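Read the structure below first, then the notes.
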Amino acid sequence: MTVVCNAKNLFCQIQVRRRSESKSTEENKLEAEINKMASNVPQSEAECTCPVCCDIFTDPVLLLCGHSFCQHCLQEWWRQSSLRTCPVCKEMFHLTQPPRNLALRNLSHSLKQERRKRAGSKEICLLHGEKFKLFCQVDQQPICVICRDSKTHTKHKCVPINEAAEEYRVKIQINVNSLKTKQKVFESQKSNWEKMATLIMLQAQQTEKTIRGEFQKLYHFLSKEEAGRIDACRREAKLKSDSMNVRIINLTAEISELMEKIKTIEDQMRAEDLSFILSAKSTLERSLCKLQQPETPEGCLIDVGQHVGNLQFSVLKKMAEILKYTPVFLDPNTCCWSLTVSENLISSTKSDKNQPGYPNPERMGCRELLGYQGFNSGRHSWDVEVEVGDFWAVGVADKTTKDRWAMYICVCTGVLRNLNKMDYITEIKVEALPQKVRVQLNYNEGIISFFDLDRKKTVHAIKYSFTETVFPYFCGSVKILPSDTSVSIGRTRGHLNYMLLQS
Numbered sequence: 039m040t041v042v043c044n045a046k047n048l049f050c051q052i053q054v055r056r057r058s059e060s061k062s063t064e065e066n067k068l069e070a071e072i073n074k075m076a077s078n079v080p081q082s083e084a085e086c087t088c089p090v091c092c093d094i095f096t097d098p099v100l101l102l103c104g105h106s107f108c109q110h111c112l113q114e115w116w117r118q119s120s121l122r123t124c125p126v127c128k129e130m131f132h133l134t135q136p137p138r139n140l141a142l143r144n145l146s147h148s149l150k151q152e153r154r155k156r157a158g159s160k161e162i163c164l165l166h167g168e169k170f171k172l173f174c175q176v177d178q179q180p181i182c183v184i185c186r187d188s189k190t191h192t193k194h195k196c197v198p199i200n201e202a203a204e205e206y207r208v209k210i211q212i213n214v215n216s217l218k219t220k221q222k223v224f225e226s227q228k229s230n231w232e233k234m235a236t237l238i239m240l241q242a243q244q245t246e247k248t249i250r251g252e253f254q255k256l257y258h259f260l261s262k263e264e265a266g267r268i269d270a271c272r273r274e275a276k277l278k279s280d281s282m283n284v285r286i287i288n289l290t291a292e293i294s295e296l297m298e299k300i301k302t303i304e305d306q307m308r309a310e311d312l313s314f315i316l317s318a319k320s321t322l323e324r325s326l327c328k329l330q331q332p333e334t335p336e337g338c339l340i341d342v343g344q345h346v347g348n349l350q351f352s353v354l355k356k357m358a359e360i361l362k363y364t365p366v367f368l369d370p371n372t373c374c375w376s377l378t379v380s381e382n383l384i385s386s387t388k389s390d391k392n393q394p395g396y397p398n399p400e401r402m403g404c405r406e407l408l409g410y411q412g413f414n415s416g417r418h419s420w421d422v423e424v425e426v427g428d429f430w431a432v433g434v435a436d437k438t439t440k441d442r443w444a445m446y447i448c449v450c451t452g453v454l455r456n457l458n459k460m461d462y463i464t465e466i467k468v469e470a471l472p473q474k475v476r477v478q479l480n481y482n483e484g485i486i487s488f489f490d491l492d493r494k495k496t497v498h499a500i501k502y503s504f505t506e507t508v509f510p511y512f513c514g515s516v517k518i519l520p521s522d523t524s525v526s527i528g529r530t531r532g533h534l535n536y537m538l539l540q541s
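Numbering (our numbering), first residue to last: 39 to 541.
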């Protein structure tokens, strides 16, 4: 390698001197010295490999920084990067046509000839001096006609080289097609994750805006709390953005690996039959894809509810005079594309235009969404105002199985019906359709009841033995009504106690 570098430096001197109008005698001496040095350089593929295409040089050119490249590779590099920089050291140049590296060209030419000679010797049987014309399917190796009749292969099944090569090509092509299909799946998943990464940032921005709006009302009391909440949101946004970006980078690397593997395999498949069959077995093994299918885990998106849900109530100790409390609030990550959730997470409305459909395993079905907090014991209730004259549903649902226990209004008939996995048909008899509904859940006794707030009467009840955590369930345009609350502050053993009384 030292000799090659010296040759490059001498050749660089020649090219500088060639900028004059005529070639001097001293340049001729330098060229002669280069050729002499080149004759003593060992023909190593490492020394004659282009850093761009990773193959033996073709028409090498020399940059002033001392690095050499194939002329075509360098021009293509400059065309794609729009800057004349060295692909290795990034040094910039103003030359449009770098000088040729004659010494390296001669070395590369000799190395290519030597490679051809070595390839030619592989076509001859070392035992009998005959050309390989057959392929032993038992020993998985090329043999000559004499080998076939020998004791070693006499009972083995042998086929012509071209037939064996074609058979391997078919097998490998099947694997290559599978690799290409997986590559498309990976690229599609990468695109989805890139969309989710964008959505994370949009959610973070919207969450920050909501947080600021809420805290502005309580600015004098909650300035420190506001900063803390925003900081927490940003940390989560950064954490989840970084996590998603790492997934994207890893998936990009796997895609690049697949593309490189496919290119290498296809190049080997285009080789001569004998040359191909010699490496067919290893090529077949490399063509098998061992990469796992990428999946989007839950919890990738910003946990908006953690930052915004019951925001005022969560800082009750600092602002007891002003309080708007809703027993439940919506989880926007479960919202259907056709609905829009308000910034304070207490209402959903139909969108005139569907929102972008980002892949999210937490998302519910058409026009459906869940509350943020689930219940697995105790008594719970929340009031919901529904949109008159439109389809709606309220109740509870299992987030995992998507089972629902609710009542809904059928748009086609205008009839109130029962909604659970055992009964979608039973009509609920009412004098008038409720507009404000109180949902009451007794988890331990397995009862969920629906109360008409305007007429002050129970409309319907469902009995079911719940075993899993259930979440408030909504469908259509709804608004969660705040509860009437009062705050009692007492002192016990020198400490202030805050009690929220909900009527």
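Note that beta-carbon positions come from the ideal geometry of N, C-alpha and C, so glycine has one too. Quick caveat: nothing in here was measured; it's all calculated off a predicted structure.
Local Cβ density within 10 Å of residue i, reported as buried at 16 or more and exposed below that
| i | result |
| --- | --- |
| E406 | buried |
| E252 | buried |
| D624 | Residue 624 falls outside the range modelled here, since the chain spans only 39 to 541, and no answer is possible. |
| H166 | exposed |
| R285 | buried |
| K437 | buried |
| E298 | exposed |
| A203 | buried |
| N139 | buried |
| G266 | exposed |
| Q221 | buried |
| R250 | exposed |
| T192 | exposed |
| I287 | exposed |
| I210 | buried |
Proximity to residue i [Cα-Cα], best of the options
| i | options | result |
| --- | --- | --- |
| L550 | I94, V508 and Q109 | Because the chain spans 39 through 541 in this model, residue 550 falls outside it and cannot be assessed. |
| K474 | E423, W115, V208 and R493 | E423 |
| C513 | P520, L457, S521 and T505 | L457 |
| M357 | Y257, P98, S419 and L329 | Y257 |
| E264 | R273, S281, S487 and E246 | E246 |
| Q306 | C174, A318 and G484 | A318 |
| W443 | P510, D428, D421 and R417 | P510 |
| T134 | K128, L121 and L142 | L121 |
| V223 | P332, S320 and K255 | P332 |
| F131 | Q113, L142 and H147 | Q113 |
| S488 | E205, K440 and V432 | Residue identity differs from the one stated: residue 488 is Phe in this sequence, not Ser. When only C-alpha atoms are compared, the closest one is V432. |
| C327 | T236, W375, T219 and S148 | T219 |
| F314 | V208, W430, G403 and E295 | V208 |
| K150 | D97, T302 and R455 | D97 |
| D522 | Y446, R493 and T364 | T364 |
| C92 | D421, T302 and W375 | T302 |
Beta-carbon gap between residue i and residue j smaller than 8 Å
| i | j | result |
| --- | --- | --- |
| P370 | V353 | no |
| V453 | E465 | yes |
| I518 | F367 | yes |
| T372 | S389 | no |
| K501 | G484 | yes |
| P9 | K362 | Nothing in the structure corresponds to residue 9, since the chain is present only between 39 and 541. |
| E292 | L329 | yes |
| S415 | L479 | no |
| E168 | V183 | yes |
| L322 | Y206 | yes |
| I268 | L217 | no |
| V516 | W430 | yes |
| F170 | V197 | no |
| S325 | N213 | yes |
| R273 | A242 | no |
Same chain only: Cβ atoms within 8 Å of residue i, ignoring 5 sequence neighbours per side
| i | result |
| --- | --- |
| T334 | Q227, N230, W231, M234, P397, N398 and P399 |
| I238 | A275, K278, S279, M282, C338, L339 and I340 |
| L260 | F253, V353, K356 and M357 |
| T507 | G412, F413, N414, D436 and K437 |
| V426 | L471 and Q473 |
6 Å CB neighbourhood of residue i in its chain, flanking five on each side removed
| i | result |
| --- | --- |
| L277 | none |
| C124 | L101, C103 and H105 |
| D311 | I199, N200 and A203 |
| T248 | V346 and E381 |
Test: residue i CB closer than 8 Å to a CB of chain D
| i | result |
| --- | --- |
| P136 | Absent from the structure: chain D. Only one protein chain is present. |
Beta-carbon proximity list for residue i, same chain, < 7 Å, skipping 5 on both sides
| i | result |
| --- | --- |
| G409 | V366, F367, L368, D369, F509 and P510 |
| C88 | F95, F107, C108 and C111 |
| W9 | This structure cannot speak to residue 9, because the chain is shown only from 39 to 541. |
| T439 | none |
| S503 | G484 |
| E225 | I293 |
| R186 | L172 and C196 |
Contact the stretch 138-155 vs the stretch 176-188: 3+ CB pairs below 8 Å: no
Three-pair Cβ contact test at 8 Å for the stretch 333-352 versus the stretch 376-386: yes
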